[in-house]
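In the numbering used here, the protein residues as written are 11 to 157.
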C-alpha cells in the first residue's frame, strides 16, 4: 500500500470519528428543494450542511413571507429525526406546506393554519393521513417537488 493510500485512510477514519451531536457545526449552503404548485415555485427549503460532520440543517422560505424566523441560527434536529415537508390536501397557496422534523414512527403534533394542534400518524418517516402527505428533504435535494 502506498503512503498516499494510508493518508486517505487516516483522513477517512478521522471523519468517521466526528460525532454530529458534539460537533461545533460550520454550516455551508448545500442545496435547495423547490416547492411548486401548478408548475410555479411558491417556496423553497434551503439545505445547509456542516463542513465538518456533514449533518444537514434546513430552513423554510415561503415566497411573499418576509417575517423574521423565531429561531436564530441553524435549527437543530435530533439524530432520530429527518427533515420533511408536510403538505395539506385541504389548504391553498402558501399555507399548503410546512417544514417539519419527522421521527421514523409515532405521531407529529402539527399546527394548522387556524392554530389548532392535530396529531398526524407517522410510519416509516411518512405521514399517514387522509388530509396530509409528506416527503423527505433528503430524497429531493436539488429537485422541484410539485404539491
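The C-beta atom is built at its ideal place from N, Cα and C for all residues, glycine as well.
Check: In DSSP terms, what residue 98 is bridged to; Outcome: 142
Check: Length of the line joining the Cα atoms of residue 139 and residue 130; Outcome: 7 Å
Check: Collapsed DSSP secondary structure at residue 56 in the structure displayed; Outcome: strand
Check: In DSSP terms, what residue 46 is bridged to; Outcome: 51 and 156
Check: Cut-off 6 Å between Cβ atoms - residues of its own chain near residue 44, not counting five sequence neighbours on either side; Outcome: 51, 54 and 154
Check: Which of helix, strand or coil DSSP assigns to residue 34; Outcome: coil
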